[in-house]
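One structure is given here, and the rest of the page talks about it.
In full-length UniProt numbering, the protein residues as written are 1 to 532.
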């Protein structure tokens with residue numbers, strides 16, 4: 001009998017003491033010695049493979065470490081790399097949009113899938129926005145975590161995608177993947193050309209659109225702007241205000257943006273800034289007009305919530321420092337930000353009991369007047385209750401023009417009706433020269449137009465003046481957008497039901513206020529009028 005076999009078998013026989021190598025494996029893989037004894041009972045000797053397995057394990061570990069060092073060294077020496085910061089949301093989206101349309105990325109065996117629209121619902125959305133139905137949206141495929149090979153103009157690129165730690169979302173933080181693109185060689189021209197091309201493609205998609213940016217916190221605790229969404233520029237004829245209001249602000253901004261005005265401000269040493277206050281009840285078109293103005297003048301909108309926990313004076317100052325020279329800065333509902341008639345810092349709502357101070361009125365005033373405030377910008381503040389704002393916030397230089405948005409009068413109601421049902425007239429005009437004699441179609445279109453105008457006058461007479469907002473009236477008409485006659489016929493019933501609903505809501509508010517022992521501040525302000 002072979003002595004070596006007897007020695008190996010003795011390691012696993014009943015009552016035998018395992019060798020040192022087996023003991024090590026038993027520590028790494030609990031139960032290995034029992035498995036070996038069972039194998040020995042069947043005449044299988046695992047002992048002879050123990051040393052080989054340990055040696056291979058050591059070699060594998062050493063190779064993994066050496067391979068990482070070698071690959072890292074070669075990557076530094078032979079590759080040029082562009083790293084996309086996790087908190088630079090706009091650049092990240094530009095690069096990911098480019099990656100999503102690459103054939104190599106689409107054919108990757110490991111990929112993420114998402115809807116192409118990839119947008120949250122926005123308060124800026126209106127009926128003219130592009131179709132954004134998740135059911136009809138195209139699926140977008142992007143490579144999963146790891147390293148992938150892409151091609152650009154015949155040159156191979158390495159895409160590395162990994163999990164990030166934190167990235168911005170509003171004025172808070174969330175996780176976002178980190179990506180890098182590498183090419184072979186010492187020149188970075190290929191990567192720069194790729195990024196410039198991806199950006200140009202991205203900008204072409206925004207043609208005739210208004211881009212909205214929101215303030216957010218960065219991973220290092222600072223603040224920056226990130227692209228929130230882009231929407232088709234809203235035409236002024238979809239916004240219903242008092243006669244002359246829109247024309248007055250268009251003329252003012254047009255003059256402000258002229259080269260002559262900029263030169264005059266510079267010669268006089270006056271900071272080039274313009275501020276507007278849009279005040280009025282909800283649903284009267286304040287935010288909508290801000291959006292339409294941005295589209296009309298080709299400006300981007302930069303907005304931040306002053307009531308957000310991250311809206312501190314330091315963060316807002318940092319945001320103002322990086323504003324472009326010509327843009328619209330939008331502060332919505334400033335009366336709800338806790339800044340009314342007080343200059344004391346408000347407590348942050350980030351966590352209960354936190355001592356973090358939020359934005360104070362004096363901090364906001366310093367921000368609007370300070371050296372960090374970018375010249376050339378247009379500030380628009382909206383409020384539902386202008387009477388609650390501190391007069392210091394409204395002085396000239398901070399607010400140069402106040403525009404009051406009111407509830408719908410007879411003129412506005414008629415304009416809303418004609419705007420909602422204008423498509424009936426336009427459809428008939430579109431048929432001109434296609435089906436039937438041209439003169440008959442034109443005459444029919446003119447007859448429809450005259451009928452719509454007559455119904456608009458009738459509808460306006462049935463809706464009480466200065467009681468309903470344009471948004472409320474438009475909402476009712478949209479439900480009957482294919483039946484203008486039904487909209488006119490049901491107008492008085494709608495008014496009656498709306499008044500009843502308001503009264504019930506008011507009674508519910510009063511009950512809640514009396515039950516809590518606290519007065520309801522909005523009870524008197526929101527009480528509707530029952531007179532026509």
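Even glycine gets a Cβ: it sits at the ideal position worked out from N, Cα and C.
The model shown is predicted, which means the values in this text are computed figures rather than measured ones.
Inset, instruction - Could you tell me the boundaries of the beta strand (DSSP E) in which residue 152 lies? - result: For residue 152, the uninterrupted beta strand (DSSP E) run begins and ends at 146 to 152, by DSSP.
Legend entry - Residue interval of the beta strand (DSSP E) (run including residue 211): First-last of the beta strand (DSSP E) with residue 211: 209 to 217.
Inset, instruction - Quick one: grab the DSSP three-state call for residue 114. - result: In the structure shown, residue 114 sits in a strand (DSSP, three-state: E or B).
Legend entry - Coil, strand or helix - residue 107 by DSSP: Correct three-state label for residue 107: coil.
Inset, instruction - Would you tell me roughly how many angstroms separate the C-alpha atoms of residue 244 and residue 403, rounded to the nearest one? - result: Going by the C-alpha atoms only, they are around 11 Å apart.
Legend entry - residue 327 in three-state terms, based on DSSP: In this structure, residue 327 counts as coil in the three-state DSSP scheme.
Inset, instruction - Taking only the alpha-carbon atoms, compute the straight-line gap between residue 209 and residue 487 and give it to the nearest angstrom. - result: In this structure, the alpha-carbon of residue 209 lies about 32 Å from that of residue 487.
Inset, instruction - Could you tell me whether the segment 291 to 302 touches the segment 324 to 334, where touching means 3 or more Cβ pairs closer than 8 Å? - result: Contact between the segment 291 to 302 and the segment 324 to 334 is established, with three or more Cβ pairs separated by less than 8 Å.
Inset, instruction - Below 8 Å on the Cβ atoms is my guess for residue 491 versus residue 452; work out the distance and round it to an integer in Å. - result: With a Cβ gap of about 15 Å, residue 491 and residue 452 do not count as contacting.
Legend entry - Status (buried if at least 16 other CB within 10 Å, exposed otherwise) for residue 151: If you draw a 10 Å sphere on the C-beta of residue 151, you find fewer than 16 other C-beta atoms in it, and that means exposed.
Legend entry - Length-filtered (4 minimum) alpha helix (DSSP H) runs lying within the segment 63 to 104: Every unbroken stretch of the alpha helix (DSSP H) spanning 4 or more residues and falling wholly within the segment 63 to 104 is given here in chain order: 89 to 100.
Legend entry - For residue 99 and residue 177, the rounded distance between their alpha carbons: When rounded, the distance between both Cα atoms is 14 Å.
Inset, instruction - Let me know if residue 216 comes out buried or exposed under the rule of 16 or more other beta-carbons within 10 Å of its beta-carbon. - result: Buried.
Inset, instruction - Could you say which of 284, 238, 296 lies nearest to residue 250 if we only look at CA atoms? - result: Closest by alpha carbon: 296.
Legend entry - residue 187 versus residue 196: straight-line alpha-carbon distance, rounded: Here the C-alpha atom of residue 187 lies approximately 16 Å from the C-alpha atom of residue 196.
Inset, instruction - Run the CB neighbour count on residue 420, radius 10 Å, all protein chains shown included, and call it buried at 16 or more, exposed below. - result: In summary, residue 420 is buried, with 16 or more beta-carbon neighbours lying within 10 Å of its beta-carbon over all protein chains present.
Inset, instruction - Excluding the 5 residues preceding and the 5 following residue 385 in the sequence, name in chain order all residues of the same chain whose CB lies nearer than 7 Å to its CB. - result: Closer than 7 Å at the Cβ level, and outside the excluded window around residue 385, lie 335.
Legend entry - residue 108 to residue 83 span [Cα, whole Å]: Rounded to whole angstroms, residue 108 to residue 83 spans 21 Å at the Cα level.
Legend entry - Local Cβ density within 10 Å of residue 40, reported as buried at 16 or more and exposed below that: Answer is buried; the Cβ neighbour count reaches 16.
Inset, instruction - Give every residue of the same chain whose Cβ lies closer than 7 Å to the Cβ of residue 542, excluding the five residues on either side of it in the sequence, and list them in chain order. - result: One cannot answer for residue 542 here, as it falls past the ends of the chain, which runs 1 to 532.
Legend entry - Same chain, Cβ closer than 8 Å to residue 97, five either side skipped, listed in chain order: Excluding sequence neighbours, residue 97 sits near 198, 201, 202.
Legend entry - Option in 33, 364, 205, 242 with minimal Cα separation from residue 466: Minimum Cα distance to residue 466 is reached at 242.
Legend entry - residue 58 to residue 103 span [Cα, whole Å]: Each residue's Cα considered, the two are about 40 Å apart.
Inset, instruction - With distances taken Cα to Cα, identify the nearest neighbour of residue 261 among 418, 483, 375. - result: Ranking 418, 483, 375 by Cα distance to residue 261 puts 375 first.
Inset, instruction - Could you tell me the boundaries of the beta strand (DSSP E) in which residue 379 lies? - result: Here the beta strand (DSSP E) through residue 379 covers 378 to 383.
Legend entry - Endpoints, the alpha helix (DSSP H) within which residue 415 is located: Segment 410 to 420, the alpha helix (DSSP H) holding residue 415.
Inset, instruction - Consult DSSP for residue 156 and reduce its assignment to one of helix, strand or coil. - result: In this structure, residue 156 counts as strand in the three-state DSSP scheme.
Inset, instruction - Check residue 228 in the structure and name its three-state DSSP category. - result: Of the three classes helix, strand and coil, the one that applies to residue 228 here is strand, per DSSP.
Legend entry - Exposure of residue 279, with buried meaning 16 or more beta-carbon neighbours within 10 Å: Residue 279 is buried by the Cβ-count criterion.
Inset, instruction - Pull up the DSSP beta-bridge partners for residue 161, would you. - result: The beta-bridge partner set that DSSP reports for residue 161 consists of 146, 179.
Inset, instruction - Determine the DSSP secondary structure at residue 186, reduced to helix, strand or coil. - result: Assignment of residue 186 by DSSP, reduced to helix, strand and coil, places it in the coil class.
Inset, instruction - Compute the beta-carbon to beta-carbon distance between residue 302 and residue 272, rounded to the nearest angstrom, for a pair I have assumed lies under 8 Å. - result: Contact doesn't hold; Cβ gap of about 17 Å is too wide.
Inset, instruction - Mark residue 418 as exposed unless 16 or more other C-beta atoms lie within 10 angstroms of its C-beta, in which case mark it buried. - result: Counting Cβ neighbours within 10 Å, residue 418 comes out buried, since at least 16 surround it.
Legend entry - Rounded C-alpha distance that separates residue 383 from residue 277: Residue 383 and residue 277: Cα-Cα distance of roughly 8 Å.
Inset, instruction - Specify the secondary structure class of residue 404 as computed by DSSP and reduced to three states. - result: Residue 404 falls in the strand class under three-state DSSP.
Inset, instruction - Go to residue 297, then tell me how far its alpha helix (DSSP H) extends in each direction, as first and last residue. - result: First-last of the alpha helix (DSSP H) with residue 297: 286 to 297.
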